Amino acid sequence: MADISRRAVLGGTGKLAVAAGVGTRLGRTARPAWRRPEPDWAALARQLHGRLLRPGEPGYAVASIPYNRRYADVRPAGVAMCADVADVRTALRWARHYGVPFAARSGGHSYGGYSASRGLVISLARMNSVRVDAGSMTVTLGPGARNRDLYAGLAGTGVAVPSGRCPTVGISGLLLGGGFGFSSRHLGLTCDRLLETEVVTASGTVLRVSPQEHADLFWACQGGGGGNFGINAGFTLRATEVGDVSVYEIEWEWRNAAAALGAVLELMATAPDSLSCRVGLGVSGGGPATGGPAQRSASALGLYFGPAHELAELLAPVLAAAPPSRRLIEDRTYLAAQAMLAHNVPFDRFASKSRFLPRPLPGRGIETAIRWLERWPGSSNPGGAGVTIFAWGGAINRVAPAATAFVHRDAAFLMDCETTWTASDDQRVVCAGLDWVQGIYGALARYGQRQAYQNFIDPALRDWRAAYYGENLPRLIRVKHRYDPDDAFRFAQSIPE
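So the number in the numbering used here is just where the residue sits in the sequence shown, counting from 1, plus 681.
Pasting the structure below:
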């Protein structure tokens, strides 16, 4: 796939930015055009049990906009707010009959805007049920359920499934791309808990998919990425009992950033699976966009499946190596811990680039990251920019790379480089930020593997097929050919047919 140009990712300032999330598929061979009847939107509205939202109607503005406002100009001609599986079939068949470009959307958090469309968005947001069966230790989810719905549904049950950090992320996309969160080192990925899923294929057929039925498609749904094989209309996951846990959040002044990051990474390289960690270096403000001084910080937070006094002992070497400016270590219920660790700040417009690391970032790599953060060009987005490193391993790596479609089973850490901006920033600010994130990503490349996290999907990534799927790609292509031979589910980084 050819690289997307800098202009293409400014969010509405170039044709490629539009195409990245809509009917035109970058890097894929264009199909011959043929005549289709004029789309009958009124007919679709009549057939739905839910609602069809058109531009200008109440609810359309909220339902149509993607999470990453970088693609805010990509608005659909209609949003089918599906009430049930029958609506999903109806909307899909209607779009295919009229040749209308479509995209399915659960939480809408695709980093690359791939759940946006200028045609029809098939929204699963209203199908957000959560049912817990403590007897069978299973959780059944509607395809529109988000992390916040899952947390609410699990409250008071004493059971959990590993899920993500951001409350508004859809479980569907999270699971289909792997599904990593603060409990994953201890409980595994979300996709590793999948028992069964319901899939609506391009023909409108509804399949019950499990290890016993359509086992190849079941395998592909465990990390093969959303939007590739069909529309998943429900999930059943294996739950586990959980008790109280403990949490921590530590902050350091910038002058202690190198020592803090080094100590945290050294700890997590040998830490028990029951301890998780997200450690980050961040910067905001500064540059011509704000005119003020830049604010820089270092922080770490995470979860421990054990009491706070044990957690404090584990963290003691970190606290000794770099005196914190703020620290919190305390006991919480499991669900209260998820709320405390949640990421609730929207990024507005952002670009993200990920890479798996086989070992802790060494001192030279840490200094490189710090130097790059100190020359971030700035933007008006308070989210700023940063380098975040998540501890990997544990239960994640006890699953063989080929056992599921999720191939990333031998890393020690996951690194993410990110920059943000707003609609008020001019093109020079945006371009400078995009150049910066590409630069820091390249500067740190020597310390990483050639693999990237498909849920941090990156439209500018060159060798994305190998980076996301590795040796599992040929098998995924076979599954694609079997269940979507016409390549109806198609976007810039979809599994090729």
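Where is the CB? At the ideal position from N, CA and C, for every residue including glycine. All figures in this text were calculated on a predicted structure; none of them were measured in a lab.
query                                                                                                                                                                                : result
Which parts of the region 799-873 are runs of the beta strand (DSSP E), unbroken and 3 residues or longer, counting only runs that do not cross its ends?                            : 801-804, 811-814 and 819-822
Since Leu1154 is in the beta strand (DSSP E), which residue starts that stretch and which ends it?                                                                                   : Not the beta strand (DSSP E): Leu1154 falls in the alpha helix (DSSP H), residues Leu1154 to Tyr1164.
Expressed to the nearest angstrom, what Euclidean distance is found between the alpha-carbon atoms of Arg688 and Cys1112?                                                            : Reliability of the predicted coordinates at Arg688 is poor, the pLDDT of 34 falling under 50, and the value obtained from them is presented with this limitation in mind. Whole-angstrom Cα-Cα distance: 8 Å.
Could you name the residues of the same chain whose beta carbon sits closer than 8 Å to that of His990, not counting the 5 residues immediately before and after it, in chain order? : none
What does the alpha-carbon distance come out to for the pair Ala1056 and Arg977?                                                                                                     : Rather than Ala, the amino acid found at residue 1056 in this sequence is Arg. Going from the Cα of Arg1056 to the Cα of Arg977 covers about 11 Å.
When the Cα of Leu949 is compared with those of Arg846, Trp1073 and Ala979, which residue comes out closest?                                                                         : The sequence shown places Met at residue 949, not Leu. Residue Trp1073 is the option with its Cα nearest to Met949.
State the Cα-Cα distance for the pair Phe651 and Pro747, rounded to the nearest angstrom.                                                                                            : Absent from the structure is residue 651, since the part of the chain shown begins at 682 and ends at 1178.
Taking the alpha helix (DSSP H) that Tyr1150 falls in, what are its first and last residues?                                                                                         : Trp1145 to Tyr1150
Out of curiosity, what's the CA-to-CA distance linking Gly1096 and Ser864?                                                                                                           : Per the sequence shown, the amino acid found at residue 1096 is Met instead of Gly. Cα-Cα distance, rounded: 17 Å.
Based on the DSSP output, what are the partners of Tyr929 in its beta bridges?                                                                                                       : Gly983 and Ile1010
Are the region 1034-1050 and the region 744-764 touching, with three or more C-beta to C-beta distances below 8 Å?                                                                   : no
For Gly968 and Arg1052, what's the separation of their Cα atoms in angstroms?                                                                                                        : 16 Å
Hey, quick one: how far does the alpha helix (DSSP H) through Thr1049 stretch, first residue to last?                                                                                : Gly1044 to Glu1055
Could you say which of Ala784, Leu857 and Ala826 lies nearest to Ala1086 if we only look at CA atoms?                                                                                : Leu857
Give the secondary structure of Val1068 by DSSP, where H, G and I count as helix, E and B as strand, and everything else as coil.                                                    : strand
Around the C-beta of Asp721, are 16 or more other C-beta atoms found within 10 angstroms, so that it is buried, or is it exposed?                                                    : exposed
Assuming Val960 is part of the beta strand (DSSP E), what are its boundary residues?                                                                                                 : Arg959 to Ser965
Along the chain, where does the beta strand (DSSP E) that runs through Gly759 open and close?                                                                                        : Gly759 to Met762
Looking at C-alpha atoms only, which residue of Leu855, Ala944, Gly869 and Arg866 is the closest neighbour of Asn913?                                                                : Leu855
Could you check the C-alpha separation between Ala1169 and Gly834 for me, to the nearest Å?                                                                                          : 34 Å
Do three or more CB pairs link the region 866-878 to the region 1065-1083 at distances below 8 Å?                                                                                    : yes
If you draw a straight line from the C-alpha of Leu946 to the C-alpha of Ala784, how long is it?                                                                                     : 39 Å
Which residue from Ala1023, Val964, Asp754 and Ile1176 puts its Cα closest to that of Leu982?                                                                                        : Ala1023
Taking the beta carbon of Arg1163 as the centre, do at least 16 other beta carbons fall within 10 Å, making it buried, or is it exposed?                                             : exposed
With the cut-off set at 8 Å, would you say Leu1157 and Gly905 are in Cβ contact?                                                                                                     : yes
Where do the ends of the beta strand (DSSP E) carrying Gly915 lie?                                                                                                                   : Ile912 to Arg919
Going by the CB atoms, is the gap between Gly851 and Ser810 shorter than 8 Å?                                                                                                        : no
From Arg1159 to Ala1017, what distance separates their C-alpha atoms?                                                                                                                : 43 Å
Which whole-angstrom value describes the C-beta separation of Leu1125 and Gly1046, a residue pair presumed to lie in contact below a C-beta threshold of 8 Å?                        : 6 Å
Could you tell me the alpha carbon to alpha carbon distance between Ala993 and Met1021, rounded to whole angstroms?                                                                  : 18 Å
Once DSSP output is grouped into helix, strand and coil, what is the label at Trp1073?                                                                                               : coil
Could you round the C-beta distance between Ala797 and Tyr741 to whole angstroms and report it? I think they count as a contact, below 8 Å.                                          : Not a contact, Cβ separation roughly 14 Å.
CA-CA distance, Thr819 and Ser957?                                                                                                                                                   : 24 Å
Where Ser1061 and Gly800 are concerned, what is the direct C-alpha to C-alpha distance, given to the nearest angstrom?                                                               : 32 Å
Spatial neighbours of Gly1064 within its chain, please: CB distance less than 6 Å, with the 5 preceding and 5 following residues excluded, ordered by chain position.                : Phe1028 and Thr1101
Excluding five sequence neighbours on each side, which residues of the same chain lie with their C-beta closer than 7 Å to the C-beta of Ala938?                                     : Leu962, Ala979 and Ile1051
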